[in-house]
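Have a look at the structure below before the remarks.
Residue numbers (the numbering used here), protein chains in the order written: chain A, 1 to 115; chain B, 116 to 643.
This is the structure in structure tokens:
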């Protein structure tokens with residue numbers, strides 16, 4: 001569950017970073033348009049919110065929020081260290097995270113329905 | 116604002132680097148202490164550990180006023196027993212104790228060391244200074260840190276625009292600035308929290324007048340009148356039977372959601388009230404306590420095992436609850452292993468933020484004020500030498516502290532004191548060293564020595580203890596293995612930095628569009 005929350009945070013940060021001028025250009029090869037930027041921001045924020053729900057599920061609201069801030073920080077640090085060395089490495093990181101991503105979404109859905 | 120940020124950052128910066136580095140390690144102080152006592156490493160808890168502890172105390176201390184059992188847990192898998200003999204002074208001083216292998220119950224004799232506690236205490240009250248002085252110095256530096264963070268957000272306002280920017284290949288001021296910004300902005304929630312809560316924890320030192328009793332609160336009062344009556348000596352057989360401890364612990368775990376970490380028995384021969392404390396705080400707003408354990412308690416009747424009371428110390432006042440949350444966050448009192456790693460990593464980011472900030476200060480000024488012949492003004496050189504002393508010098512001292520722990524004779528008198536003396540002697544030597552060497556050579560030598568020391572720690576473990584990586588990894592002893600692995604990782608990081616500073620590091624640069632990596636070699640000048 002923790003690894004999944006970290007994976008979701010990582011993809012969230014990566015998607016958010018695509019919406020920024022410099023990083024969009026570096027990763028995608030072009031500055032994203034207005035629509036693309038908005039979509040990336042919405043998706044990125046949604047993913048981070050998803051990670052928060054996962055943290056609530058694992059730790060409760062108070063400690064979960066603390067854990068979430070920590071996870072997002074660590075996810076951001078991993079991304080920031082990967083980006084300059086290889087855009088591909090950052091992308092591979094995202095793909096690995098994507099493989100895990102359906103699981104937390106499923107778990108989240110179950111958590112929500114179970115109460 | 117840039118001026119404020121630079122000066123408020125540099126002046127207490129050397130101290131702040133030490134506070135951040137030792138404080139970050141202190142998140143794992145129990146684990147560090149465990150690593151520093153290899154005599155304990157074989158201990159493996161079993162299902163009967165708690166019951167064995169109660170039996171053992173009955174034999175060891177039938178006459179005691181109270182018993183305390185420190186149960187094995189994920190941070191330290193040993194069993195510690197202590198008790199207070201009749202008439203013993205109050206507080207920890209009056210406790211007699213022993214450490215056992217949690218599985219076999221064999222008494223262990225760990226080497227004398229201050230362990231992680233030395234680094235923990237150093238990070239907020241330094242060493243060998245009157246306690247209030249040390250606290251006041253660190254407190255003032257903390258205040259400066261807080262100002263530096265707030266002014267930094269304004270000075271480096273581009274951080275939110277270049278959120279993920281880190282260009283190590285660019286070299287020079289740009290790379291250090293990127294590193295400083297990245298470590299600062301990503302860890303910003305942590306940096307703000309840890310600095311502000313640090314100030315709040317210092318409140319009685321920094322603002323003694325804010326407290327009703329002039330800051331003397333909680334510093335211990337007069338000891339209670341000593342019992343003068345000498346009671347009949349009891350034998351273990353005189354003690355009545357206790358309720359089985361297993362179900363009592365199970366009740367507590369069901370109520371808290373986490374296992375108990377400590378069993379306390381008051382008046383074992385008489386009323387025998389069993390009090391349990393959880394391994395860690397179960398709530399963020401619980402008081403963080405001054406000892407290693409919080410304030411949440413469950414009380415049981417020792418004979419029947421029935422729950423007779425619960426202290427949650429739920430604070431009515433929002434101010435007190437806020438104070439508790441801040442203290443609890445700073446000390447990570449509620450943190451399970453995962454959370455503890457998150458705190459540690461954020462602490463590493465904080466240490467990197469302070470370190471890169473210090474380097475940036477001199478790099479920027481050296482560039483601005485370089486003379487036509489390439490030399491830089493003397494005061495900037497001095498500042499950079501102090502940077503070496505504070506950053507790599509301290510790192511070497513910490514490494515030497517761990518190495519001393521493995522190399523000093525186990526039965527040496529005042530062994531714990533000698534470990535600390537090694538720490539300070541080595542630091543003093545490496546504060547002096549940069550003043551005797553050219554700048555870049557100073558950096559490279561210290562980075563290389565630091566890398567060598569940290570790489571030596573796991574190897575040394577192999578030579579002088581039986582709990583090295585080839586043993587601890589297969590056995591899954593993660594506390595010891597984790598420590599060794601972090602040492603190796605630290606050595607790699609320091610070694611890579613040494614190569615980069617020496618100008619021998621091929622920096623892989625990626626073209627912006629990601630069309631392929633272009634490796635270029637660049638000789639990096641002085642640390643720039």
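Quick reminder that beta carbons are idealized off the backbone N, C-alpha and C, glycines included. Predicted model only: the values in this text are computed from it and were never measured.
Alpha carbon of residue i to alpha carbon of residue j, nearest angstrom
i, j, result
"residue 131 (chain B)", "residue 510 (chain B)", "14 angstroms"
"residue 25 (chain A)", "residue 19 (chain A)", "9 angstroms"
"residue 319 (chain B)", "residue 399 (chain B)", "22 angstroms"
"residue 283 (chain B)", "residue 467 (chain B)", "14 angstroms"
"residue 204 (chain B)", "residue 280 (chain B)", "58 angstroms"
"residue 458 (chain B)", "residue 271 (chain B)", "24 angstroms"
"residue 148 (chain B)", "residue 13 (chain A)", "36 angstroms"
"residue 371 (chain B)", "residue 191 (chain B)", "20 angstroms"
"residue 473 (chain B)", "residue 125 (chain B)", "6 angstroms"
"residue 451 (chain B)", "residue 580 (chain B)", "28 angstroms"
"residue 259 (chain B)", "residue 552 (chain B)", "31 angstroms"
"residue 490 (chain B)", "residue 556 (chain B)", "16 angstroms"
"residue 433 (chain B)", "residue 401 (chain B)", "12 angstroms"
"residue 549 (chain B)", "residue 46 (chain A)", "50 angstroms"
Chain A contact residues for residue i, given Cβ-Cβ distances below 7 angstroms
i, result
"residue 703 (chain B)", "Past the edges of chain B, shown from 116 to 643, lies residue 703 (chain B), and the structure says nothing about it."
"residue 283 (chain B)", "84"
"residue 302 (chain B)", "73"
"residue 457 (chain B)", "67, 70, 71, 74"
"residue 449 (chain B)", "63"
"residue 650 (chain B)", "Because chain B here runs from 116 to 643, residue 650 (chain B) falls outside it and cannot be looked at."
Proximity to residue i [Cα-Cα], best of the options
i, options, result
"residue 293 (chain B)", "B:277, B:258, B:308", "B:277"
"residue 214 (chain B)", "B:225, B:205, B:208", "B:225"
"residue 530 (chain B)", "B:136, B:133, B:152, B:123", "B:152"
"residue 44 (chain A)", "A:67, A:74, A:11, A:21", "A:11"
"residue 394 (chain B)", "B:603, B:256, B:187", "B:187"
"residue 599 (chain B)", "B:155, B:587, B:362, B:534", "B:587"
"residue 389 (chain B)", "B:454, B:500, B:425", "B:425"
"residue 295 (chain B)", "B:464, B:540, B:553", "B:464"
"residue 495 (chain B)", "B:608, B:479, B:150", "B:479"
"residue 84 (chain A)", "B:297, B:397, B:383, B:210", "B:297"
"residue 196 (chain B)", "B:202, B:378, B:369, B:363", "B:378"
"residue 385 (chain B)", "B:174, B:218, B:178", "B:178"
"residue 256 (chain B)", "B:577, B:171, B:135", "B:135"
"residue 366 (chain B)", "B:396, B:522, B:413", "B:413"
"residue 77 (chain A)", "B:566, B:602, B:437, B:299", "B:299"
"residue 574 (chain B)", "B:603, B:249, B:161", "B:603"
"residue 221 (chain B)", "B:248, B:164, B:242", "B:164"
"residue 240 (chain B)", "B:138, B:162, B:492, B:154", "B:138"
"residue 502 (chain B)", "B:471, B:322, B:487, B:518", "B:471"
"residue 303 (chain B)", "B:321, B:268, B:317", "B:268"
"residue 27 (chain A)", "A:6, A:16, A:61", "A:16"
As assigned by DSSP and simplified to three states, the class of residue i
i, result
"residue 120 (chain B)", "helix"
"residue 375 (chain B)", "strand"
"residue 277 (chain B)", "coil"
"residue 188 (chain B)", "strand"
"residue 180 (chain B)", "coil"
"residue 381 (chain B)", "strand"
"residue 523 (chain B)", "coil"
"residue 427 (chain B)", "coil"
"residue 195 (chain B)", "strand"
"residue 366 (chain B)", "helix"
"residue 31 (chain A)", "coil"
"residue 621 (chain B)", "Caution applies to residue 621 (chain B), whose pLDDT of 49 falls short of 50 and renders its modelled position unreliable; the value that the coordinates give is listed next. Strand at residue 621 (chain B)."
"residue 142 (chain B)", "coil"
Under 8 angstroms from the C-beta of residue i: neighbouring residues of chain B
i, result
"residue 2 (chain A)", "453"
"residue 92 (chain A)", "Those within 8 angstroms of residue 92 (chain A) in chain B number zero; the least Cβ separation is about 12 angstroms."
Neighbour list for residue i in chain B, Cβ cutoff strictly below 9 angstroms
i, result
"residue 47 (chain A)", "None at all; the shortest Cβ gap to chain B is about 15 angstroms."
"residue 17 (chain A)", "278, 279"
Chain A residues whose Cβ lies nearer than 9 angstroms to that of residue i
i, result
"residue 305 (chain B)", "69, 70, 73"
"residue 517 (chain B)", "Here the premise fails: no neighbours, minimum Cβ distance about 25 angstroms."
Within chain A, partners of residue i - CB distance below 8 angstroms
i, result
"residue 135 (chain B)", "Neighbours of residue 135 (chain B) on chain A: none; closest Cβ ~15 angstroms, over 8 angstroms."
"residue 464 (chain B)", "73, 77"
"residue 399 (chain B)", "62, 63, 66"
"residue 461 (chain B)", "70, 73, 74"
Neighbour list for residue i in chain B, Cβ cutoff strictly below 7 angstroms
i, result
"residue 80 (chain A)", "279, 281, 297, 301"
Suppose only complete runs of 3+ residues qualify. What are the beta strand (DSSP E) ranges in the region 388–424 of chain B, listed by chain order? Listed in chain order, the complete beta strand (DSSP E) runs (minimum 3 residues) inside the region 388–424 of chain B are 388–393, 412–416.
Beta strand (DSSP E) runs wholly inside the region 197–250 of chain B, at least 3 long, in chain order: As far as the region 197–250 of chain B is concerned, its whole beta strand (DSSP E) runs of at least 3 residues are 210–215.
Secondary structure, beta strand (DSSP E): runs of 3+ residues fully inside the region 43–89 of chain A: The qualifying runs do not exist here; there are none.
Please give me, in chain order, every unbroken run of the alpha helix (DSSP H) with length at least 4 that falls completely inside the region 437–492 of chain B. Within the region 437–492 of chain B, the complete alpha helix (DSSP H) runs of at least 4 residues fall at 452–484.
Quick check for students: name the residue ranges of the alpha helix (DSSP H) that lie wholly in the region 517–566 of chain B, counting only runs of 4 or more. Segments of the alpha helix (DSSP H) lying fully in the region 517–566 of chain B: 530–551.
Can you give, in chain order, each stretch of the alpha helix (DSSP H) that sits fully within the region 291–316 of chain B and has at least 4 residues? Qualifying alpha helix (DSSP H) stretches, in chain order: 303–316.
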